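This report concerns only the one structure given below.
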Amino acid sequence: MFNVLGSSSKSIFLPFIFSLFIFTIHHSLFTIHLLFAEEYKFEASEFEKKPYRIGGYIEFYPVLFGLDKNSSLYKLNFYNRSEGSTTEQYNANLQLEGSLEKGILRAYVKTFTNYTNSYQTETTKITVFEGKISIKPTDSFIAEAGKKTLNWGKGYAWNPVAFLDRTKDPNDPELSREGFIVGSLDFTKSLSGPLKTFSFTPVLIPVYSGVNDDFGELDHLNFASKFYFLLYDTDIDLMFLTGGSKTTRYGMDFSRNLASNLEIHGEFSWINDFKKTITDSSGNTSQDRYNAINYLIGLRYLTEKDTTFILEYYHNGTGYNHKEMSDFFTFIDRAYEMYTSEGNRTMLNKAINLASNAYGRINPAKNYLYLRISQKDPFDILYWTPAVTLITNIDDKSFSLMP
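Residue numbers (the working numbering): 56 to 458.
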């Protein structure tokens, strides 16, 4: 199903998430003792940091989608079947991770197994999200090589400066993402004065057949870098990416506590010579090339009762404006009408291809508003944080609501 917040209809997604099992084995954190009548004896070895760590979680969450049968996307998704006003999807995730340290060396691996059963298909996919080797000869220097997630950016739902990361799902921003194979260095220097910390992180990203081949254009060795400053109690990052697989882009972000329970953050990115595929209402496609500007501004507020409010505004300079999205939906309607009246799938196939690529990416429109309200450990139930998330397409007033 193409989850595009761009139609004039409203969509409500109702997932119910049940965490079944969360575990962490980390002997440096805890040791369980059964004390009988004997005197307790302190053993220092029981509290020493162990060289290994194993952890993970498993979760199952059914999702009920409320469908607008009059929307263009409904016609595109269900042109050859009648699904009614709702459809179900069943999901399960298993994440396992482990690390091993020996001296200045550290190995880390994270695997992710996803099971999905929807109206489209039933799939099980196992992916190595991360697998890397680290060398840390000093506290201020670390070198890493392997598959890793960089996690650039300060935004919660979106990260326009995350040039080296896969796109977040705003419906579940904390979900782990698959990394890319990179080589990186990280140098950190602590200082006195207004500038308290400085760090420099250069990154190499090879893109060849079989190596990061979904990152961008093949046969390029790309270079990126991030500069971090803790200046006047404000976290600031400057970053860039160049090399040929993607057009050159620059970015910056910041984060600052306005109070002990109130934080403001923002991101800004500039993408040189961005290419965007556009269709008119008749299905004629063209490419628009321009320098794209993206930015985000957000607030995070924590109440005394551990209720967290996250509010973000995101301008997607690479996205489609209201007219461009309307033309796309009009084309879908025309393609569907041709299919139902003549049995001709030519235009419908083109619409499906556009929805699977340019128009089908997460949040393809220009302007979005995000609100998430979560409550930590309600009713003293530990490790449970229920939340409600609202994502609104400001341009056409469509929205998704996810409890």
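All C-beta atoms, glycine included, are put in the ideal place defined by N, C-alpha and C. None of the values given here were measured: they were computed from a predicted structure.
Could you compute how far the alpha carbon of Lys209 sits from the alpha carbon of His320? Start at 1 with the first residue of the sequence shown, and residue 209 comes out as number 154. Start at 1 with the first residue of the sequence shown, and residue 320 comes out as number 265. Between Lys209 and His320, the C-alpha separation is close to 6 Å.
Restricting to runs no shorter than 4 residues, where is the alpha helix (DSSP H) found entirely within the stretch 428–452? none
Enclosing alpha helix (DSSP H) for Ser381 [first to last residue]: Within the sequence shown, numbered from 1, the residue matching residue 381 stands at position 326. Run containing Ser381: 377–397, per the alpha helix (DSSP H) assignment.
Within 10 angstroms of its Cβ, does Ile77 collect 16 or more other Cβ (buried), or is it exposed? By 1-based counting over the sequence shown, the position of residue 77 is 22. Interpretation of Ile77 is limited by its pLDDT of 37, a score under 50 that renders its predicted location unreliable; no figure is taken from the coordinates.
Gly210, DSSP secondary structure in three states: Position 155 of the sequence shown, counted from the start, is the residue given in the question as residue 210. The answer is coil: DSSP assigns Gly210 none of H, G, I, E or B.
Would Trp207 pass as a contact of Asp292 if the rule is Cβ separation under 9 Å? Residue mapping note: residue 207 aligns to position 152 of the sequence shown, counting from 1. Residue mapping note: residue 292 aligns to position 237 of the sequence shown, counting from 1. Yes, Cβ-Cβ distance for Trp207 and Asp292 is below 9 Å.
Nearest-angstrom Cα distance between Thr440 and Phe364? Position 385 of the sequence shown, counted from the first residue, corresponds to residue 440. Position 309 of the sequence shown, counted from the first residue, corresponds to residue 364. Roughly 13 Å separates the two Cα atoms.
Compute the Euclidean distance between the alpha carbons of Tyr263 and Gly238, then round it to the nearest angstrom. By 1-based counting over the sequence shown, the position of residue 263 is 208. By 1-based counting over the sequence shown, the position of residue 238 is 183. Distance between the alpha carbons of Tyr263 and Gly238 is about 15 Å.
What is the C-beta distance between Tyr394 and Leu403, in whole angstroms, given that I count them as a contact (C-beta under 8 Å)? Within the sequence shown, the letter at position 339 stands for residue 394. Within the sequence shown, the letter at position 348 stands for residue 403. Tyr394 to Leu403, Cβ: 5 Å. Contact.
Residues in its own chain within less than 7 Å of Glu229 by CB, not counting five upstream and five downstream? On the sequence shown, residue 229 is found 174 positions in, with the first residue counted as 1. Contacts found: none.
Sorted by chain position, which residues of the same chain lie with C-beta nearer than 8 Å to Leu460's C-beta, five sequence neighbours on each side aside? The structure shown has nothing for residue 460, since the chain only spans 56 to 458.
With DSSP as the reference, label Lys405 as helix, strand or coil. Translated into positions along the sequence shown, residue 405 becomes position 350. In the structure shown, Lys405 sits in a helix (DSSP, three-state: H, G or I).
I believe Phe242 touches Phe196 by the beta-carbon criterion, under 8 Å. Please report the beta-carbon distance rounded to the nearest angstrom. Numbered from 1 along the sequence shown, position 187 holds the residue referred to as residue 242. Numbered from 1 along the sequence shown, position 141 holds the residue referred to as residue 196. Their Cβ separation, rounded to whole angstroms, is 5 Å, which keeps Phe242 and Phe196 in contact under 8 Å.
Between the CA atoms of Arg400 and Ser455 - distance to the nearest angstrom: Here residue 455 refers to the residue found at position 400 of the sequence shown. Here residue 400 refers to the residue found at position 345 of the sequence shown. Taking the straight line joining both Cα atoms gives about 30 Å.
Which residue spans inside the stretch 277–363 form an unbroken beta strand (DSSP E) run of at least 3? 289–297, 304–314, 317–334, 340–357
Relative to the C-alpha of Lys421, which residue among Glu233, Asn349, Gly338, Asn226 is closest? Residue numbering aside, residue 421 sits at position 366 when the sequence shown is read from its first letter. For Lys421, the nearest C-alpha among the options comes from Asn349.
What first and last residue would you give for the alpha helix (DSSP H) that runs through Leu151? On the sequence shown, position 96 is the one that residue 151 refers to. Taken as a continuous stretch (DSSP letters only), Leu151 belongs to no alpha helix (DSSP H), being part of the beta strand (DSSP E) at 141–157.
For Glu392, count neighbouring Cβ atoms within 10 angstroms of its own Cβ and tell me buried if that reaches 16, exposed if not. In the sequence shown, counting from the first residue as 1, residue 392 sits at position 337. So Glu392 counts as exposed.
Are the stretch 141–150 and the stretch 111–123 touching, with three or more C-beta to C-beta distances below 8 Å? yes
Can you list, in chain order, the residues of its chain with a C-beta nearer than 8 Å to that of Gln342? Leave out the 5 residues immediately preceding and following it. Walking along the sequence shown from the start, residue 342 turns up at place 287. Closer than 8 Å at the Cβ level, and outside the excluded window around Gln342, lie Lys330, Lys331, Thr332, Ile333.
What residue from Tyr174, Lys281, Gly271 has the CA that sits closest to Thr256's CA? If you number the sequence shown from 1, residue 256 lands on position 201. Closest option to Thr256, Cα to Cα, is Lys281.
Beta strand (DSSP E) segment containing Ser127, residue limits: Indexing the sequence shown from 1 puts residue 127 at position 72. Segment 127–132 is the alpha helix (DSSP H) holding Ser127; no beta strand (DSSP E) there.
So, helix, strand or coil for Ala198, using DSSP? Taking the first residue of the sequence shown as position 1, residue 198 is located at position 143. If DSSP states are grouped into helix, strand and coil, Ala198 belongs with the strands.
Looking only at C-alpha atoms, which of Ser411, Ser231, Ile109 sits nearest to Glu152? To locate residue 152, count along the sequence shown from 1; it is residue 97. Selected option, being the one with the closest Cα: Ile109.
Would you mind giving the Cβ-Cβ distance between Val183 and Thr166, rounded to the nearest angstrom? I have them listed as a contact below 8 Å. As a working note, residue 183 is residue 128 in the sequence shown. As a working note, residue 166 is residue 111 in the sequence shown. At roughly 6 Å, the Cβ-Cβ gap stays under 8 Å, so Val183 and Thr166 are in contact.
Can at least three beta-carbon pairs, one atom from the stretch 304–323 and one from the stretch 283–292, be found at a separation below 8 Å? Cβ pair count under 8 Å is three or more, so yes.
Is the beta carbon of Ile446 closer than 9 Å to that of Ala410? Mapped onto the sequence shown, residue 410 falls at position 355. Mapped onto the sequence shown, residue 446 falls at position 391. Against a cut-off of 9 Å, the Cβ pair of Ile446 and Ala410 comes out as no contact.
Short check: CB of Thr340 to CB of Gln430, under 9 Å? Here the question's residue 340 lines up with position 285 in the sequence shown. Here the question's residue 430 lines up with position 375 in the sequence shown. Not a contact, by the Cβ cut-off of 9 Å.
According to the Cβ coordinates, are Asn226 and Met457 closer than 9 Å? Here residue 226 refers to the residue found at position 171 when the sequence shown is read from its first residue. Here residue 457 refers to the residue found at position 402 when the sequence shown is read from its first residue. Their beta carbons are under 9 Å apart, which means Asn226 touches Met457 by this criterion.
Grab the span of the beta strand (DSSP E) containing Tyr112 for me, first residue to last. As a working mapping, residue 112 is identified with position 57 in the sequence shown. Start and end: 107–121.
DSSP bridge partner residues for Pro257 (one or two, in chain order): The sequence position of residue 257 within the sequence shown is 202, counting from 1. Per DSSP, Ser280.
Please determine, among Phe284, Thr168, Asp432, the residue with the shortest C-alpha to C-alpha distance to Ser247. Position 192 of the sequence shown, counting from 1, holds the residue named residue 247. The shortest C-alpha separation from Ser247 is found at Phe284.
May I ask you to report which of helix, strand or coil DSSP gives Ala410? Here the question's residue 410 lines up with position 355 in the sequence shown. Here Ala410 sits in helix by DSSP.
State buried or exposed for Lys452, treating a residue as buried only when at least 16 other CB atoms are found within 10 Å of its CB. By 1-based counting over the sequence shown, the position of residue 452 is 397. Classification for Lys452: exposed.
Simplified DSSP assignment, three categories, for Ser137: Sequence index remark: in the sequence shown, residue 137 carries index 82 (1-based). In this structure, Ser137 counts as coil in the three-state DSSP scheme.
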